[in-house]
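Heads up: the structure comes next, in structure tokens.
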Amino acid sequence: MAKQILTTKNVRLSYGDFEALHGIDLAFDENEITALIGPSGCGKSTYLRCINRMNDQIDGVKISGELKFNDTDIYAEQTDVVELRKQIGMVFQQPNPFPMSIYDNVVFGLRIAGVRDKSMLDEAAQAALKQAAIWDEVKNKLDQNALALSGGQQQRICIARALAVSPNIILLDEPTSALDPHSSRQIETTLLQLKEHYTIITVTHNLQQASRIADRTAFFLQGDLIEAGTTKQIFMNPEHQETSDFITGIFG
Ligand SMILES: Nc1ncnc2c1ncn2[C@@H]1O[C@H](COP(=O)(O)OP(=O)(O)OP(=O)(O)O)[C@@H](O)[C@H]1O
Ligand SMILES: [Mg+2]
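Just so we're aligned: the sequence shown equals residues 1 to 252 in full-length UniProt numbering.
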């Protein structure tokens with residue numbers, strides 16, 4: 001049986017007086033891809049950011065509920081956020097490589113963690129770039145500035161950068177929405193390969209993408225989780241009218 005790696009119970013989040021999440025219960029199995037879908041403003045990014053505490057820095061945010069990563073209580077006082085983010089990495093909508101070489105981008109997190117050994121860094125960089133399916137395209141120009149790559153390549157560098165610190169979970173917030181269809185498909189293929197080793201949670205506005213890559217899909221609406229299930233069930237046989245309306249394009 002698949003192991004639950006992440007459970008979230010009754011997650012509520014307010015930005016000041018505005019409650020953006022009204023109590024989300026959702027659990028994630030290891031080595032699966034889950035797609036979070038729903039219309040703009042329904043709380044997908046907010047929920048995703050709760051998982052590795054990226055909302056902490058925002059002024060006036062209040063979060064309650066229980067979020068557990070394996071046995072770690074994500075919001076416990078003793079939880080080390082830097083350590084947590086090593087295990088729960090994130091990739092954003094706009095590719096955001098640092099203005100430095102491809103190599104330096106990928107080993108950035110390892111250097112921060114104190115790794116200095118050149119052969120260790122080289123090995124980790126190569127492994128991460130291979131996993132992110134971009135090694136062949138960049139292996140002869142690792143010293144080149146990452147900003148000189150195409151958008152799709154930059155996004156795979158960002159995925160490699162997230163992988164290099166050996167996370168368990170990767171969160172992606174609309175990772176392909178800034179990319180052309182060909183690059184998007186490359187990222188999809190990459191994610192499908194990655195789920196062998198990682199648990200993946202991705203926000204997407206592209207329902208076809210969700211149906212192509214996600215094992216499970218969760219549908220959000222105005223701060224509520226309407227339903228979650230296997231992607232097949234959500235797309236073919238949703239329980240709720242709102243889900244069906246969204247899937248069939250009546251709104252959103
Ligand atoms: N930093 C913030 N301060 C105040 N309100 C916010 C903040 N970030 C998001 N919100 C509000 O919380 C709600 C959920 O926003 P969120 O960004 O999570 O939606 P989303 O589902 O990711 O939307 P989209 O598909 O457009 O990215 C929205 O009403 C949004 O305006
Ligand atoms: Mg969003």
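From the three backbone atoms N, C-alpha and C, an ideal C-beta is built for every residue, glycine too.
- In the DSSP assignment, residue 35 falls within the unbroken beta strand (DSSP E) covering 33-37.
- The C-beta separation of residue 164 from residue 125 comes to about 7 Å, placing the pair in contact by the 8 Å criterion.
- Nearest to residue 242 by C-alpha distance, out of 191, 181, 42 and 56, is 42.
- In terms of side-chain proximity, the C-beta atom of residue 231 is found no nearer than 7 Å to any non-hydrogen atom of ligand 1.
- At least one heavy atom of ligand 2 lies closer than 7 Å to the C-beta of residue 45.
- DSSP places residue 111 inside the alpha helix (DSSP H), whose first and last residues are 108-112.
- In terms of side-chain proximity, the C-beta atom of residue 218 is found no nearer than 7 Å to any non-hydrogen atom of ligand 1.
- Counting of Cβ neighbours within 10 angstroms places residue 86 among the buried residues, the total reaching 16 or more.
- The way I'd put it, the region 104-114 does touch the region 153-161; three or more beta-carbon pairs between them come closer than 8 Å.
- Distance from the C-beta of residue 249 to the nearest heavy atom of ligand 1 is not below 7 Å.
- Pairing residue 45 with residue 39, the inter-Cα distance amounts to about 11 Å.
- Take the alpha-carbon of residue 75 and the one of residue 66: they are about 8 Å apart.
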